[in-house]
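Engineer:
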Amino acid sequence: MPRSEAQNEVIRAATREKLQAAAITMFTRKGFAATSVGDIAGAAGVSVGLMYRHYRTKEDLFGDLVEQAATGLERAAALFRTEQPAAELILAFATEFLDDLAAGGATLEFYLLLQQAVLKGPDDPRIAVLLDRHEALHGETVRLIERGQRDGTFRDGPAAALADLFYATLGGLAQLRLIRGDRFSGPSPELLTTFLIKEPS
């Protein structure tokens, strides 16, 4: 019995996901310029011909990854603009980050992709959008920290510097997860945010 269109779409989506994961791995190991289409197809376990059915070039694949990452950054920024308590928002963000990092999921892939995007440079307009979205998220984080400081739940200090420390810590944890693999033992969300959230009095 021939497959339905819905079944075919599931297969296509699974192949795209394999290609995207393989591309991030190869870009990280070899760099974007040194990675070939054959490298990506081989790492994904598919033929080069099948890859070309999904992406005409490695640039198209990289662009797709960048656009997905930019969308994720916008979702995070929108979350920080909600009226939930600042401490709850930052803890929820940290919890999702750490859970996904421990599983080796999209969070780790995002940080690896962001690193490659910075190395590739902002000439590609899609990368420029990604970097702009990252800056926008940083700005929303600064405003969230300022709100937490006003309501007395966050520690005092320059909000921009605290936001830098927060994201530097996340980036460092992502790098350590990559280096240590399954031996990685990350902090709890509470420990990760202890420099930011005051202890209950």
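Note that the UniProt record's numbering numbers the sequence shown so that position 155 is 155, with each residue one more than the last.
C-beta: ideal position from N, C-alpha, C; glycine also.
Bear in mind that the values here come from a model prediction, so they are computed numbers and not experimental data.
Between the segment 85-98 and the segment 47-61, do three or more beta carbon pairs fall short of 8 Å?
Structural biologist: no
Engineer: Is there at least one non-hydrogen atom of the ligand SAM closer than 7 Å to the beta-carbon of lysine 120?
Structural biologist: Inclusion of the ligand SAM in the displayed structure is not the case, the ligand content being empty and no account of it being possible.
Engineer: Based on the DSSP output, what are the partners of isoleucine 197 in its beta bridges?
Structural biologist: Phe154
Engineer: Taking the straight line between their C-alpha atoms, what separation do you get for aspartate 156 and glutamine 149?
Structural biologist: 6 Å
Engineer: What's the C-alpha gap between alanine 163 and serine 47?
Structural biologist: Approximately 44 Å between the Cα atoms of the pair.
Engineer: If you run the structure through DSSP and keep just helix, strand and coil, what is proline 85?
Structural biologist: In the structure shown, proline 85 sits in coil (DSSP, three-state: anything other than H, G, I, E or B).
Engineer: Which two residues bound the contiguous alpha helix (DSSP H) that contains threonine 71?
Structural biologist: 58-80
Engineer: According to the Cβ coordinates, are threonine 153 and alanine 86 closer than 8 Å?
Structural biologist: Yes, the pair counts as a contact, with Cβ atoms nearer than the cut-off.
Engineer: Should lysine 30 be labelled buried (16 or more other beta-carbon atoms within 10 Å of its own) or exposed?
Structural biologist: exposed
Engineer: Using 10 angstroms around the beta-carbon of leucine 119, count the other beta-carbons present and answer buried if the total reaches 16, otherwise exposed.
Structural biologist: exposed
Engineer: Does the segment 12-24 come close enough to the segment 53-62 to have 3 or more Cβ pairs within less than 8 Å?
Structural biologist: yes
Engineer: From alanine 77 to leucine 91, what distance separates their C-alpha atoms?
Structural biologist: The C-alpha of alanine 77 lies about 15 Å from the C-alpha of leucine 91.
Engineer: Report the residue from Thr15, Ile24, Gly171, Val66 whose alpha carbon sits nearest the alpha carbon of glycine 45.
Structural biologist: Closest by alpha carbon: Thr15.
Engineer: For leucine 101, tell me which candidate among Lys198, Arg12, Glu9, Ser185 has the shortest Cα-Cα distance.
Structural biologist: Ser185
Engineer: Check whether the Cβ atoms of alanine 103 and leucine 65 sit closer than 8 Å, and answer yes or no.
Structural biologist: Between alanine 103 and leucine 65, the CB-CB gap reaches or exceeds 8 Å.
Engineer: Could you check the C-alpha separation between tyrosine 111 and isoleucine 145 for me, to the nearest Å?
Structural biologist: Each residue's CA atom was taken as its position, placing tyrosine 111 and isoleucine 145 some 22 Å apart.
Engineer: Which residues in the same chain as glycine 171 place their Cβ atom closer than 7 Å to its Cβ, once the five residues preceding and following it in sequence are excluded?
Structural biologist: Tyr111
Engineer: Taking only the alpha-carbon atoms, compute the straight-line gap between arginine 143 and alanine 159 and give it to the nearest angstrom.
Structural biologist: 8 Å
Engineer: Tell whether a beta-carbon distance below 8 Å holds between leucine 89 and arginine 177.
Structural biologist: no
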